[in-house]
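K.L.:
Before I ask anything, here is the structure I am working with.
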Amino acid sequence: MSTTSNFSTTFTCFANLPPEIRLEIWETTMAQEQDAAIFTYLKDHRLEHDIEWPDQPMSHAMTETCRESLEVIRNTYIGTIYMPLDQGALASLESLDERVDAIATLWPEQNTLEDLQACLLKRAEANERHRTKTIYIGISAVLCGYETDLGNLGFKVYDLDDTSLPQFLAEVTTSYYGTRLHASNECFIKKLKAYWEENEAVRELRDTWDRLRSGRENVMPVLKPVVVFANFYRLFTRIETLIGSHQQSNGLYLDLFPEDDVLMSEC
1 MSTTSNFSTT FTCFANLPPE IRLEIWETTM AQEQDAAIFT YLKDHRLEHD IEWPDQPMSH
61 AMTETCRESL EVIRNTYIGT IYMPLDQGAL ASLESLDERV DAIATLWPEQ NTLEDLQACL
121 LKRAEANERH RTKTIYIGIS AVLCGYETDL GNLGFKVYDL DDTSLPQFLA EVTTSYYGTR
181 LHASNECFIK KLKAYWEENE AVRELRDTWD RLRSGRENVM PVLKPVVVFA NFYRLFTRIE
241 TLIGSHQQSN GLYLDLFPED DVLMSEC
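Numbering of the sequence shown is given in full-length UniProt numbering, commencing with residue 1 and proceeding in unit increments.
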């Protein structure tokens with residue numbers, strides 16, 4: 001017997017569920033920690049900025065559903081947002097109502113740090129829950145082929161102490177040409193750590209940020225070195241600074257298909 005005519009797409013008993021059950025359903029439906037990216041592109045001879053947030057909640061619909069859905073929206077936050085530090089991108093960041101725990105960016109110019117500081121202070125003053133905890137500095141970039149699983153946003157960020165970093169390095173592939181100055185993944189990570197501690201350019205960057213952060217440690221994030229894995233579209237389209245020559249000369253640009261074995265004796 002056909003039941004098509006008796007089927008209703010409206011779930012009428014949801015409102016009768018206990019509030020704690022409704023809250024659990026909404027929390028299960030949508031992850032509260034999500035990642036995002038701010039992408040910069042050229043349109044009609046001017047720069048435009050888009051916030052890419054694949055899992056962004058449908059705020060209008062959820063707000064009108066029930067108190068529990070609104071609570072889930074208020075507790076949703078961005079774990080890591082990958083972005084350049086130009087004025088337009090910072091303006092997009094400032095406009096976000098959600099908490100952003102971490103910002104990931106490729107090696108920034110020092111003159112962008114003051115703009116970043118001003119943006120973060122405005123966010124913290126507008127809402128104390130907007131305090132960003134960490135700025136991930138991409139001291140190395142790994143250009144990946146499109147067959148690499150980088151998630152919906154086309155990037156992944158790994159802390160140098162992340163125990164899963166060596167394994168991901170072993171699995172990732174690249175379609176870009178170049179050279180690497182390290183003999184193994186462990187050597188690569190070791191050089192990155194030494195670079196962060198000893199390199200003069202890094203020291204200047206850290207000193208600048210320490211000066212900007214002084215007296216505001218309760219609201220200003222700390223800097224942390226990371227490896228950024230991304231495809232070509234994400235990594236090299238409209239970022240303010242690529243991997244610099246000093247980073248390449250220190251063996252911090254990774255290509256998994258080296259042609260010169262002489263360069264493999266750095267560690």
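Every residue, glycine too, gets a C-beta built ideally from N, C-alpha and C.
Because the structure is a prediction, the values reported are computed rather than measured.
Go through the region 92–175 residue by residue and report every complete run of the alpha helix (DSSP H) that reaches 4 residues or more, in order.
P.N.:
The qualifying runs are 113–126, 165–171.
K.L.:
Less than 8 Å between the CB atoms is what I'm expecting for Ala104 and His49, so what's the real figure, rounded?
P.N.:
For the purposes of this step, residue 104 is taken as the residue at position 104 of the sequence shown. For the purposes of this step, residue 49 is taken as the residue at position 49 of the sequence shown. Not confirmed; about 16 Å, so no contact.
K.L.:
Could you give the DSSP three-state label for Thr76: helix, strand or coil?
P.N.:
As a working note, residue 76 is residue 76 in the sequence shown. Three-state result, Thr76: coil.
K.L.:
The beta strand (DSSP E) with residue 312 in it runs from where to where?
P.N.:
Because the chain is modelled from 1 through 267, residue 312 falls outside the range shown and cannot be assessed.
K.L.:
Can you give me the start and stop residues for the alpha helix (DSSP H) that Arg203 sits inside?
P.N.:
Along the sequence shown, one-based indexing puts residue 203 at 203. First-last of the alpha helix (DSSP H) with Arg203: 200–213.
K.L.:
Kindly give me the distance between the Cβ atoms of Phe155 and Ala37, rounded to whole angstroms, as I take these residues to be in contact under 8 Å.
P.N.:
The residue given as residue 155 occupies position 155 in the sequence shown. The residue given as residue 37 occupies position 37 in the sequence shown. So it is a contact: roughly 7 Å between Cβ atoms.
K.L.:
Could you tell me the distance, in whole angstroms, from the CA atom of Leu169 to the CA atom of Gly79?
P.N.:
The count along the sequence shown starts at 1 and reaches residue 169 at position 169. The count along the sequence shown starts at 1 and reaches residue 79 at position 79. Cα to Cα, Leu169 sits roughly 22 Å from Gly79.
K.L.:
With DSSP collapsed to three states, give me the class of Glu52.
P.N.:
Taking the sequence shown and counting its residues from 1, one reaches residue 52 at position 52. Correct three-state label for Glu52: strand.
K.L.:
On a CA-only basis, which of Arg216, Arg211, Leu205 is nearest Trp107? Give me that one, please.
P.N.:
Walking along the sequence shown from the start, residue 107 turns up at place 107. Of Arg216, Arg211, Leu205, the residue nearest in Cα terms is Leu205.
K.L.:
Determine which residues share a DSSP beta bridge with Ile21 and list them.
P.N.:
What you label residue 21 is simply residue 21 of the sequence shown in a count that begins at 1. Partner(s): none; Ile21 has no beta bridge.
K.L.:
Flag this pair as yes or no: are the beta carbons of Val222 and Arg216 separated by less than 9 Å?
P.N.:
Locating residue 222 in the sequence shown gives position 222, where the first residue counts as 1. Locating residue 216 in the sequence shown gives position 216, where the first residue counts as 1. For Val222 and Arg216, no; Cβs fall outside 9 Å.
K.L.:
To the nearest angstrom, report how far apart Tyr195 and Glu186 are at their CA atoms.
P.N.:
In the sequence shown, counting from the first residue as 1, residue 195 sits at position 195. In the sequence shown, counting from the first residue as 1, residue 186 sits at position 186. Spanning the two alpha carbons is a distance of roughly 14 Å.
K.L.:
Measure the CB-CB distance between Glu98 and Tyr77 and report whether it falls below 9 Å.
P.N.:
Within the sequence shown, numbered from 1, the residue matching residue 98 stands at position 98. Within the sequence shown, numbered from 1, the residue matching residue 77 stands at position 77. Closer than 9 Å, so yes.
K.L.:
Starting from the C-beta of Pro225, find all residues in its chain whose C-beta is less than 6 Å away, skip the five residues before and the five after it, and write them out in chain order.
P.N.:
Working through the sequence shown from its first residue, we reach residue 225 at position 225. The residues are Ile137, Ile139, Leu160, Trp196.
K.L.:
Taking the C-alpha atoms as reference points, what is the distance between Asp207 and Glu114?
P.N.:
Taking the sequence shown and counting its residues from 1, one reaches residue 207 at position 207. Taking the sequence shown and counting its residues from 1, one reaches residue 114 at position 114. Cα-Cα distance, rounded: 13 Å.
K.L.:
Using 10 angstroms around the beta-carbon of Ala141, count the other beta-carbons present and answer buried if the total reaches 16, otherwise exposed.
P.N.:
The residue labelled residue 141 in the question sits at position 141 within the sequence shown. Counting Cβ neighbours within 10 Å, Ala141 comes out buried, since at least 16 surround it.
K.L.:
Name the one or two DSSP bridge partners that Phe39 has.
P.N.:
Here the question's residue 39 lines up with position 39 in the sequence shown. Bridge partners of Phe39: Asp50.
K.L.:
Nearest to Ala102 by alpha carbon, out of Gln34, Glu109, Glu200?
P.N.:
Against the sequence shown, residue 102 aligns to sequence position 102. For the residues Gln34, Glu109, Glu200, the minimum Cα distance to Ala102 belongs to Gln34.
K.L.:
Shortest alpha-carbon distance to Ala91 belongs to which of Asn111, Leu116, Gln110, Tyr82?
P.N.:
On the sequence shown, residue 91 is found 91 positions in, with the first residue counted as 1. Cα-wise, what sits closest to Ala91 is Leu116.
K.L.:
With DSSP as the reference, please indicate the residues paired to Tyr82 in a beta bridge.
P.N.:
Residue numbering aside, residue 82 sits at position 82 when the sequence shown is read from its first letter. According to DSSP, Tyr82 bridges with Ala37, Ala104.
K.L.:
So what's Asn218 in DSSP terms, helix, strand or just coil?
P.N.:
Indexing the sequence shown from 1 puts residue 218 at position 218. Reduced to three states, the DSSP call for Asn218 is coil.
K.L.:
If I measure Cβ to Cβ from Leu93 and keep anything under 8 Å in the same chain, skipping five residues before and after, which residues do I get?
P.N.:
Within the sequence shown, the letter at position 93 stands for residue 93. The answer, listed in chain order, is Ile38, Ile81, Met83, Val100, Ile103, Cys119, Arg123.
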